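A.B. asks:
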């Protein structure tokens with residue numbers, strides 16, 4: 183429950199227009215405006231084209247955007263992260279940020 187609450191808080195902060203989905207633009211803006219959000223994603227808050235941010239973001243969106251609408255819905259976000267909370271050994275998608283996963287002993 184704590185993991186879901188943390189995910190919900192992060193998702194809400196990233197969903198800046200409140201439409202129930204996070205676009206790439208919203209993710210960039212959230213990282214720039216919140217060091218905590220940037221840290222969650224393992225990304226810098228001062229985003230540069232050449233720092234690998236765009237590549238990391240593209241991988242996440244390709245893996246987590248199940249309906250290919252170029253945004254991550256709450257359902258997609260939750261499903262993506264909880265799948266890794268249950269099994270960190272999956273290789274078909276990039277790993278989510280470690281900050282959201284419970285300690286191995288709690289899994």
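Residue numbers (the numbering used here): 183 to 289.
Think of the CB as a built atom: it goes at the ideal place given N, C-alpha and C, for glycine as much as any other residue.
Please read all numbers here as calculations on a predicted model, not as lab measurements.
If you compare alpha carbons, which of 237, 262, 240, 238 is closest to residue 248?
C.D. replies: Out of 237, 262, 240, 238, 262 has the C-alpha closest to the C-alpha of residue 248.
A.B. asks: With a 10 Å radius around its C-beta and 16 neighbouring C-beta atoms as the bar for buried, classify residue 244 as buried or exposed.
C.D. replies: Its Cβ having fewer than 16 others within 10 Å, residue 244 is exposed.
A.B. asks: Secondary structure at residue 211, three-state DSSP: helix, strand or coil?
C.D. replies: Here residue 211 sits in helix by DSSP.
A.B. asks: So what does DSSP say about residue 186, is it helix, strand or coil?
C.D. replies: Of the three classes helix, strand and coil, the one that applies to residue 186 here is helix, per DSSP.
A.B. asks: Strictly under 7 Å for the Cβ-Cβ distance: is residue 223 near chain C by that measure?
C.D. replies: Absent here is chain C; the protein component of the structure consists of one chain.
A.B. asks: Could you tell me the alpha carbon to alpha carbon distance between residue 235 and residue 212, rounded to whole angstroms?
C.D. replies: Rounded to the nearest angstrom, the two C-alpha atoms are 13 Å apart.
A.B. asks: Can you have a look at residue 197 and say buried or exposed, based on whether 16 or more other CB atoms are within 10 angstroms of its CB?
C.D. replies: Buried.
A.B. asks: Kindly list the residues whose CB is nearer than 7 Å to the CB of residue 203, restricted to its own chain and excluding five residues on each side of it in sequence; keep chain order.
C.D. replies: Excluding sequence neighbours, residue 203 sits near 197, 253, 254, 255.
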